[in-house]
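Worksheet: one structure, shown below.
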Amino acid sequence: MRMIHWFKFSAPSTFYPLAGKLIPWFWALFAGFALAGLWISFFVAPTDFQQGEGYRIIFIHVGASWMSMFIYLVMAFWAGMGLAFNTRLSGMMAQALAPTGALFAFISLWTGALWGKPMWGTWWVWDARLTSELILLFLYIGFIALTRAIDDSRRSDKAGAILALVGVVNIPIIYFSVKWWNTLHQGASVSLTRAPAMASIMLWGMLFSAFAMWMYAVAVALMRVRTIILERERHTDWVRELLLDRS
Amino acid sequence: MLEADNLECIRGARRLFHGVSFGLAEGELLFLQGKNGAGKTSLLRMLCGLSPPESGEVRWKGASIRKLADDFRADLCYLGHLNAIKEELSPLENLLASARLAGEDLAADDALDALAQVGLSGREDLICRYLSQGQKRRVALARLVQERRPLWILDEPFVALDVHAVDWLVGIIGAHLQRGGLAVMTTHQPVEIPAGAVRVLRLGA
Amino acid sequence: MLEADNLECIRGARRLFHGVSFGLAEGELLFLQGKNGAGKTSLLRMLCGLSPPESGEVRWKGASIRKLADDFRADLCYLGHLNAIKEELSPLENLLASARLAGEDLAADDALDALAQVGLSGREDLICRYLSQGQKRRVALARLVQERRPLWILDEPFVALDVHAVDWLVGIIGAHLQRGGLAVMTTHQPVEIPAGAVRVLRLGA
Amino acid sequence: MFRIVSHTIARDLRLALRRPADLASVLFFFIIVASLFPLGVGPEVDLLRQLAPGVLWVGALLATQLSLPRLFADDYRDGTLEQLALSPNPLGLMVLGKVIAHWLVSGLPLALLAPVLGLQFDLPTDALWVLAGSILLGTPALSGIGAIGAGLTLGLRGGGVLLSLLVLPLYIPVLIFGAGAVDASVSGLGPGAHLSLLAALTVGGLAFAPWAAAAALKIALE
Amino acid sequence: MFRIVSHTIARDLRLALRRPADLASVLFFFIIVASLFPLGVGPEVDLLRQLAPGVLWVGALLATQLSLPRLFADDYRDGTLEQLALSPNPLGLMVLGKVIAHWLVSGLPLALLAPVLGLQFDLPTDALWVLAGSILLGTPALSGIGAIGAGLTLGLRGGGVLLSLLVLPLYIPVLIFGAGAVDASVSGLGPGAHLSLLAALTVGGLAFAPWAAAAALKIALE
Amino acid sequence: MHWNSFSDFIAMGGHGLYVWGAFGVTALAMILEPWLVIRRHRAVRERLARQLRAEARLEQAP
Ligand code: HEM
Ligand SMILES: Nc1ncnc2c1ncn2[C@@H]1O[C@H](COP(=O)(O)OP(=O)(O)OP(=O)(O)O)[C@@H](O)[C@H]1O
Ligand SMILES: Nc1ncnc2c1ncn2[C@@H]1O[C@H](COP(=O)(O)OP(=O)(O)OP(=O)(O)O)[C@@H](O)[C@H]1O
Ligand SMILES: [Mg+2]
Ligand SMILES: [Mg+2]
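Chains as they are written, first to last, in my numbering: chain A, 1 to 247; chain B, 1001 to 1205; chain C, 2001 to 2205; chain D, 3001 to 3222; chain E, 4001 to 4222; chain F, 5001 to 5062.
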């Protein structure tokens, strides 16, 4: 039974309107989380006695870093589903997620660099975590470049899927790089097993902004996937009806 | 033996063909016709399993070729628009290497014999880059001399050949059919295959 | 107009031909025959000035083509085994670009018209990678529609074409000869050019 | 005469735009090479600053060089080059057009990108400007010299690697003056002398290389 | 099963020997890159010794990577790949054969050459051995990963540069452990840990990559 | 509330450039991306509708 439902919603014709209905809800969630996050970051969280006000960058930096890795995992998951079950929607989801993932990787690098200048006195160091985040950005760009370079959609989905799956090895490397190499970059301060090492209010700020980014990513990916669906399904009857009725 | 069931092919925005069905028995030749761009090459590649059909299925001895996979390929010999020969190997080396990679053993003598049959004696050891267009095609065709697999799929095999070579190839295909082989073929040149049942399939309006 | 004087061609240890001489006047077609590997392509490339003859000379309007250089090339249109089209440009772009690079001006309308004549309407803007073998050849041949240079050298122009396209091309070559053009051509397919003087040259034994 | 050059440029640019992945990829190759070195060498900032001019120039050089094999290869393979050689215009001019187009899609973007990468190596602002300038001045010479190599190795199997072998030694003067200019600026000396030598190389290269390349192409076609 | 692998190796080696220029060119590219750096960076011996592991490893990596585009491209263009895909043997095994052949004509000679170049940088003898060993151990992984990239970009115009973009990020771990091993040996620590990580990468790469590459090839042929 | 004035808020204890640079670029990116996506969606819809209408017309008038 589960499977049937699954395949029903993975049909582009049912998913398209469903996504259309979901998008506003995700934007609303985004707005809520973002407001809460911003409020905490600027008006609730106290000044850090060591880093002054500069540390407020953490509220976007950490969220964006998490999202950049998380989106890659989700993308690889969809890609793998596409390869395994040959569902059309999976490849489209993967391609819709990639630009947003790349954006978050970029934001992580950018905010990290802007934080590094006041904290470490340099924009950039060749530290393991920074480097692997940079590689992650390259992987996203490689995925986008590859899928764009192949104009047959079925082929580009499959090729992209292989690349995404091969690139997954990078994610644990990023995450554990701080443990494996002794580096300048901060270690993980949020963990499920031990008590948070940082003030709980800061944790809340980070969590809210991370949730905001999550909702944002879902909303944008859904919007993008709708465009991709339309382009790919333009010869089907449902797209014809949809477009000819309304316009 | 070979059955196509309701095949459909879509390329870009175009539906090249749909509802293509046929059955082909031992000793039969399917002659695929159609104007340039009708989808002949696309159909042949589907029959080989190189590209999946949009809908429909190809069956070999009753089973889907997707499922048969290697078992089907072991019965198949495909010759495309391209010659699949290496320009820096000689005809002899090309023939031996391609047989080995196809998982067959070909004795050097048999290979030399095949090359002589396609009229390349004296050029067995000249690297293929120097051969003329028609001679390159002949190297590719030399495979067929020793080929005993039941299903041949040939995409415009007569291109670039002179009249003698065309006659020779017609004979080879005829003998294959006589042995109970199957063949699917396209060509724009008018040729007469002296064989049992020739079935014709026209693609496109 | 075009004269070949005692041409000789050596490839490796082989003398492909020697003592090849002919003269070709306005409105005449030279039909080059010979089996695969006889040296037809080699001779055509010599006539174009792409590869120098071992001995002998090619003359155009009485002067050696080596000396004429650009002046000869301005009168020449060559179409080889290869299509000279870019796979990532559309037929229209290919046609316009090749005309421009040959130093000619071709209006977009004329180009579209030429493409329609070769049966590519509806595919003017599809990139050539997706075209079928015969359609690619047609893009290359579309050049001939607007071509007004006096000397055409065509190496197996009919390859990969279906019967309609062959008929069309035969007509185009006929019209060229009628206008007083010259043509040198090879092909292994039997075709009838409806034109004044067809001269035949057989290479090889 | 200028029309034939500009037509060639237009055609090649259109082809390049048809596959934007190419342009992007040259740039990313540059970025990646410039990022590999610190990984291999280690993260000390002072060391990296010393290395920066050399690494960035070598990166630019390799990136240019990577895109060379396709300068004529596509035209050769599909028969366009035969047609160009048979056209009544001087082949040298068309080659010049192709060289300029090649520079527009390789050298120019590299020059724009170089300062950003320079930041990663913690170069001072002055040096960043000199870096961009030297790459801007030097890369046309690279494209020109590269065209000769691409012509000579055309149609040879393994041409790509043979090409590097022929071309890289000829690139050395450009590399020395280019990296020298940045070094000079870092160490407080004026980069002027180096830059004018670079300019001389470029002018010489563009005047002479297309004709040599055209001759090489004619040989390749024989 | 082993026969098909060895047949593929034999055929590819014969093809490679038919054009020895190729093999030579990979090596010369390596030599040239290793020699360009001192030119770009300047001649101080201490600085160069510090650079050596990184520069040599980056050189080996780029040299390997340069020869990748042709791993399948020739077979694709002339139709051989279609035939391989239609043969009744698992495509992955043939890819494995091709990967091994590629390593034999790129990685292996690079490993033999590297110590000689190391001398130019005044590396101590121990480090030279470690250098050769690390390249020997690491390059099979490079060939394997490279095969995936080559398969994915097959038939795409501008594939060569796209290929670097895809493959170089995946090469980075190999580079880090490889150069790390030499560094560790120079600084007196044992290179053991790095070398065993390299070996792990290679084993993993060779076991997994051919199948991924074969999947990519099937897609390219569709 | 630990900001004494608006200019205090902007200055961020001397780190204003960094903090606002980070937040600003992030905000910009997160506005730009949806905008581009929406624009592309509209363009695609319009283009497809145009094409489909043209096709429908062709089919009606044989
Ligand atoms: C361009 C430079 C930087 C990059 C690419 C980068 C990358 C990352 C990544 C990927 C994470 C998430 C990993 C995880 O949660 O385990 C992270 C988290 C973090 N980063 Fe950075 N970072 C950079 C600069 C900085 C700087 C300069 C600082 C502060 C001095 C910093 C402080 C942190 C902190 C505190 C976390 C949260 C760790 C945690 O709680 O788990 N980062 N960064
Ligand atoms: N992306 C695409 N969009 C539109 N049409 C396409 C696309 N890709 C391929 N085609 C069309 O699909 C057809 C492919 O035909 P195919 O190569 O099978 O023809 P063929 O019958 O073998 O022709 P030929 O006799 O010339 O070899 C061509 O008409 C081509 O124009
Ligand atoms: N290096 C060489 N050594 C010996 N023979 C050579 C060498 N190079 C070329 N040849 C021969 O020269 C001939 C070249 O012929 P060419 O391509 O002109 O033939 P063609 O008449 O056009 O044939 P086709 O009809 O097949 O196109 C071939 O027979 C080839 O075997
Ligand atoms: Mg065909
Ligand atoms: Mg010929």
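Beta carbons: idealized from backbone N, C-alpha and C, even for Gly.
With 8 Å as the threshold, decide whether the Cβ of residue i is near any Cβ in chain A.
i              : result
residue 5039/F : no
residue 3050/D : no
residue 4148/E : yes
residue 4222/E : yes
When you compare each of the options to residue i by their alpha carbons, which one comes out closest?
i              : options                           : result
residue 3007/D : 2184/C, 2157/C and 2104/C         : 2104/C
residue 4054/E : 4113/E, 4213/E, 4078/E and 4180/E : 4180/E
residue 2096/C : 2139/C, 2069/C and 2001/C         : 2139/C
residue 2005/C : 2055/C, 2033/C, 2034/C and 2039/C : 2055/C
residue 3202/D : 3113/D, 3070/D, 3165/D and 3096/D : 3096/D
residue 4101/E : 4165/E, 4068/E and 4118/E         : 4068/E
residue 2071/C : 2052/C, 2048/C, 2079/C and 2091/C : 2048/C
residue 3090/D : 3001/D, 3195/D, 3220/D and 3044/D : 3001/D
residue 3005/D : 3140/D, 3208/D, 3196/D and 3093/D : 3093/D
residue 2002/C : 2073/C, 2135/C and 2091/C         : 2073/C
residue 4142/E : 4161/E, 4072/E, 4173/E and 4153/E : 4173/E
residue 1121/B : 1025/B, 1090/B, 1101/B and 1173/B : 1090/B
residue 3210/D : 3187/D, 3188/D, 3136/D and 3145/D : 3145/D
Would residue i count as contacting chain B if we go by Cβ distances under 8 Å?
i              : result
residue 4019/E : yes
residue 2135/C : yes
Would residue i pass as an interface residue toward chain E - the criterion being a Cβ-Cβ separation below 8 Å?
i              : result
residue 3174/D : no
residue 3047/D : yes
residue 73/A   : no
Give a yes or no on whether the minimum CB-CB distance between residue i and chain C is below 8 Å.
i              : result
residue 1035/B : yes
residue 3067/D : no
residue 1149/B : no
Quick one: is residue i near chain D, going by C-beta distance under 8 Å?
i              : result
residue 38/A   : no
residue 139/A  : no
residue 4219/E : no
If we cut at 8 Å on Cβ distances, does residue i have a partner in chain F?
i             : result
residue 238/A : no
residue 133/A : no
Looking at residue i and ligand 6, is the gap between the Cβ and the nearest heavy atom below 7 Å?
i              : result
residue 1016/B : By its list of ligands, the structure shown excludes ligand 6, since it contains just ligand 1, ligand 2, ligand 3, ligand 4 and ligand 5.
Meets three-Cβ-pair contact criterion under 8 Å: the segment 27-45 of chain A and the segment 206-214 of chain A:
Using a Cβ-Cβ distance cut-off of 8 Å, the segment 27-45 of chain A and the segment 206-214 of chain A are in contact, since at least three pairs of beta carbons, one from each stretch, lie closer than that value.
I'd like to know if the segment 4068-4085 of chain E and the segment 4029-4037 of chain E are in contact, where contact means that at least 3 CB-CB pairs between them fall below 8 Å.
With fewer than three CB-CB distances shorter than 8 Å, the segment 4068-4085 of chain E does not count as touching the segment 4029-4037 of chain E.
Between the segment 88-109 of chain A and chain F, which residues of the former have CB atoms less than 8 Å from a CB of the latter, in chain order?
Answer set for the segment 88-109 of chain A: 99, 100, 103, 106 and 107.
Tell me which residues of the segment 4197-4215 of chain E have at least one Cβ-Cβ distance to chain A shorter than 8 Å, keeping chain order.
The segment 4197-4215 of chain E vs chain A, Cβ under 8 Å: 4212 and 4215.
What residues does ligand 4 have around it, judged by CB closer than 7 Å to any heavy atom, in chain order?
Qualifying residues, in the order they occur: 1040/B, 1041/B, 1081/B, 1155/B, 1156/B, 1186/B, 2132/C, 2133/C and 2134/C.
Interface residues of the segment 144-164 of chain A facing chain E [CB-CB below 8 Å]
Residues passing the 8 Å Cβ filter: 145, 146, 149, 150, 152, 154, 155, 158, 159, 162 and 163.
Between the segment 2141-2148 of chain C and the segment 2074-2084 of chain C, do at least 3 Cβ pairs fall closer than 8 Å?
Segments in contact, yes.
Using a Cβ distance threshold of 8 Å, determine whether the segment 118-128 of chain A contacts the segment 18-37 of chain A, with at least three qualifying pairs required.
Cβ pair count under 8 Å is below three, so no.
Can we say the segment 226-238 of chain A touches the segment 100-112 of chain A, given the rule of at least three CB pairs closer than 8 Å?
Contact annotation: the segment 226-238 of chain A does not touch the segment 100-112 of chain A, with fewer than three C-beta pairs closer than 8 Å.
Mind listing which residues of the segment 220-231 of chain A have their C-beta closer than 8 Å to chain F's C-betas, in chain order?
Going along the segment 220-231 of chain A in chain order, one finds 220, 223, 224, 226, 227, 230 and 231 with a Cβ nearer than 8 Å to chain F.
Any residues in the segment 2040-2060 of chain C with a beta carbon nearer than 7 Å to a beta carbon of chain B? Which ones, in chain order?
Considering only beta carbons, the part of the segment 2040-2060 of chain C lying closer than 7 Å to chain B consists of 2041, in chain order.
For the segment 4069-4091 of chain E, enumerate the residues whose C-beta is nearer than 7 Å to any C-beta of chain B, in chain order.
Residues 4078, 4079, 4080, 4082, 4083, 4084, 4085, 4086, 4087, 4088 and 4089.
Taking a cut of 7 Å between CB atoms, which residues from the segment 1069-1088 of chain B lie near chain E?
Listed by position, the residues of the segment 1069-1088 of chain B near chain E (Cβ gap below 7 Å) are 1070, 1073, 1074, 1076, 1078, 1080, 1082, 1083, 1084, 1085, 1086 and 1088.
Pairing CB atoms from the segment 1176-1184 of chain B with CB atoms from the segment 1146-1157 of chain B, are three or more of them under 8 Å?
With three or more CB-CB distances shorter than 8 Å, the segment 1176-1184 of chain B counts as touching the segment 1146-1157 of chain B.
Any chance the segment 150-167 of chain A sits against the segment 4193-4202 of chain E, with 3 or more Cβ pairs inside 8 Å?
Of all C-beta pairs linking the segment 150-167 of chain A to the segment 4193-4202 of chain E, fewer than three are shorter than 8 Å, placing the two stretches out of contact.
Residues in the segment 2086-2117 of chain C with C-beta within 8 Å of chain D's C-beta atoms, listed in sequence order?
Residues passing the 8 Å Cβ filter: 2086, 2087, 2088, 2089, 2093, 2097, 2098, 2100, 2101, 2102 and 2103.
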